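Engineer: Here it is: the structure, laid out below.
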Amino acid sequence: MSKASEFIEALHRIEESGDVEPMARLFAPDAELSNPTVSRPLHGPDGARNFWRSYRHTFGEVRSEFRCVVESDEAAILEWTSRGKLSHGGEFSYDGVSVIEHPAGAIRRFKAYFDPRALGLQLEHAA
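When we follow this note's numbering, the leftmost residue of the sequence shown carries the number 863, and every step to the right adds one.
Structure below.
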């Protein structure tokens with residue numbers, strides 16, 4: 863199974879059940895995780911656990927769909943849309959791209975790119 867496929871499978875598990883352990887196991891001890899809403903990168907499997915727990919707790923329900931996945935032996939680029947419901951019942955949808963670097967097998971760097979203002983406005987209006 864490709865690293866991108868493992869990542870997508872682990873993400874869907876987080877979205878469905880909140881179980882972050884399969885995702886945390888994909889990250890190297892010195893991995894770095896970040897996105898536009900993280901003030902400073904998180905590190906390693908513990909950082910991955912915190913990062914993905916925070917992601918899941920932001921939404922009541924969430925499901926990500928991947929439109930384009932490009933992968934080499936050392937990296938993957940995933941274009942996605944995440945949709946769902948907030949805990950208040952309001953709906954949201956936002957698009958982005960994630961870059962996963964995995965030169966030695968384990969993920970060494972994860973960076974997501976999306977417009978945090980667009981998502982923030984949806985979160986504010988649904989509250």
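Yeah, the Cβ is synthetic: ideal placement off N, Cα and C, and Gly gets one too.
Quick caveat: nothing in here was measured; it's all calculated off a predicted structure.
Of all the options LEU948, TYR956, ILE969, TRP942, which has the alpha carbon lying nearest to the alpha carbon of ARG887?
Structural biologist: If we check each option's Cα against that of ARG887, ILE969 comes out closest.
Engineer: Count the other CB atoms within 10 Å of the CB of HIS950; is the residue buried (16 or more) or exposed (fewer)?
Structural biologist: Classification of HIS950: exposed, given that the 10 Å Cβ count is below 16.
Engineer: Roughly how many angstroms lie between the CA atoms of ASP935 and GLU877, to the nearest whole one?
Structural biologist: Approximately 27 Å, taken between the alpha carbons.
Engineer: Round the Cβ separation of ALA910 and ALA893 to the nearest angstrom and send it over; I've been treating them as touching at under 8 Å.
Structural biologist: At roughly 7 Å, the Cβ-Cβ gap stays under 8 Å, so ALA910 and ALA893 are in contact.
Engineer: Determine the contact status of GLY946 and PHE976, defining contact as a CB-CB distance below 7 Å.
Structural biologist: No, Cβ-Cβ distance for GLY946 and PHE976 is not below 7 Å.
Engineer: Among ILE939, ASP881, PRO898, which one has its Cα closest to the Cα of HIS919?
Structural biologist: Cα-wise, what sits closest to HIS919 is ASP881.
Engineer: Check whether the Cβ atoms of PHE889 and PRO907 lie closer than 7 Å to each other.
Structural biologist: It is a contact, given that the beta carbons lie within the stated cut-off.
Engineer: Can you list the beta strand (DSSP E) stretches of 3 or more residues lying completely in the segment 923 to 963, in chain order?
Structural biologist: 923 to 933, 937 to 947, 953 to 963, all fully within the segment 923 to 963.
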